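Before any comments, here is the structure.
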Amino acid sequence: MPTLLHIDSSPMGGNSISRQLTREFVRRWRSVNPEGTVLSRDLNAFAIPVVEAAWVNANYTPEQSRTADQKDLLWLSGQFARELLKADEYVVGLPVHNGGPPASFKLWVDHTVTPFGPRLDGKRATCIITAGRLCGPGSGNAARNYVVPWLRTLFGGLGLTNMHFIFADGTVDTNPARSIERPSWRRISRKFRSFSRTLCACDGTRDPGPHSHPNDAQNVMRQAE
Ligand SMILES: Cc1cc2nc3c(=O)[nH]c(=O)nc-3n(C[C@H](O)[C@H](O)[C@H](O)COP(=O)(O)O)c2cc1C
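Residues are numbered in my numbering as their position in the sequence shown, beginning at 1, plus a constant of 791.
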């Protein structure tokens, strides 16, 4: 039975757009994989510790020589790696924060993507990227989108090459003629409805091809190479 790992990193709780989209993805995934298992990892559920020298030294200490304290220090990193290994595919909600991923996601990466990190060959990942400005493929800011190449390089190093990127960008209206920044809810909810319809199109009984798998909403939201 397939296992999906659902990762969220937005600090915005119930108001988060990326969380709404990953939730919808999971709902559709469950409907086409009724026997499947969904694991959840909310990167804002607690403060992930910053990586410090003791953690690095513990990592480079051979497993059989580690002290009890070193084992404790590495437990969380091991848990993140175990979740990645257990799942067959991942859906990740990733808002852009200052041109990169949110701090919680960066910390999760620091704990997980190490020279001793898990091998993820054959797995599949869908990253749903939200951003205040338009920054996806085809937009004026596409060249300033550092998140996609960063993710590809990091996870490619662990063997994860089957990566799909869905953009729900331009979520914030920054036009100075208007009084305050506000999410372009109408535009996002239009995308969201189409996203749901695309996910609906998959019956899960066969390889549905590029336009009907729940993970492939590229007709709806622009998708990176
Ligand atoms: C700390 C912070 C930094 C941000 N930096 C950027 C940025 O560099 N570029 C951008 O397009 N949007 C930026 N935004 C806007 C968010 O990416 C945008 O509101 C997104 O829709 C948030 O997704 P969420 O609702 O899932 O949290 C930033 C938001 C926050 C809170």
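Ideal Cβ placement from N, Cα and C applies to all residues, glycine included.
Just so we're clear, the structure is a prediction, and the values are computed from it rather than from any experiment.
It is roughly 34 Å from the alpha-carbon of Ser-868 to the alpha-carbon of Asn-932.
Between ligand 1 and the CB of Met-792, the shortest heavy atom gap is not smaller than 7 Å.
Looking from the CA of Ile-957, the closest CA among Phe-946, Leu-951, Gly-947, Pro-928 belongs to Pro-928. The criterion of a C-beta distance shorter than 8 Å is not satisfied by Arg-915 and Asn-889. Shown here, Val-938 sits in a helix according to DSSP, grouped into three states. Here Ser-800 is near Leu-834, since their CB atoms are less than 8 Å apart.
Here Val-882 is buried: its Cβ has 16 or more other Cβ atoms, across all protein chains shown, within 10 Å. Cβ neighbours of Leu-796 within its own chain (closer than 7 Å, five residues either side excluded): Leu-830, Arg-832, Glu-874, Leu-875, Ala-878, Tyr-881. Here Gly-891 carries a strand assignment [DSSP, helix/strand/coil]. Between Leu-911 and Thr-944, the alpha-carbon positions lie close to 13 Å from each other.
Residue environment: Ala-922 is assigned as buried (16 or more neighbouring CB atoms within 10 Å of its CB, all protein chains considered).
Buried is the label assigned to Pro-892, since at least 16 other Cβ atoms lie within 10 Å of its Cβ. With a contact defined as Cβ atoms closer than 8 Å, Ala-836 and Leu-864 miss out at about 20 Å. Judged by DSSP in its simplified three-state form, Glu-843 adopts coil rather than helix or strand. Judged by DSSP in its simplified three-state form, Ser-868 adopts helix. The criterion of a C-beta distance shorter than 8 Å is not satisfied by Asn-850 and Phe-896.
Within the region 797–829, the complete alpha helix (DSSP H) segments of 4 residues or longer fall at 808–823, listed in chain order.
Taking a C-beta distance under 8 Å as the contact criterion, Ala-934 and Leu-812 do not qualify as a contact pair. Closest in alpha carbon position to Gly-827, among Thr-794, Asp-901, Arg-814, is Thr-794.
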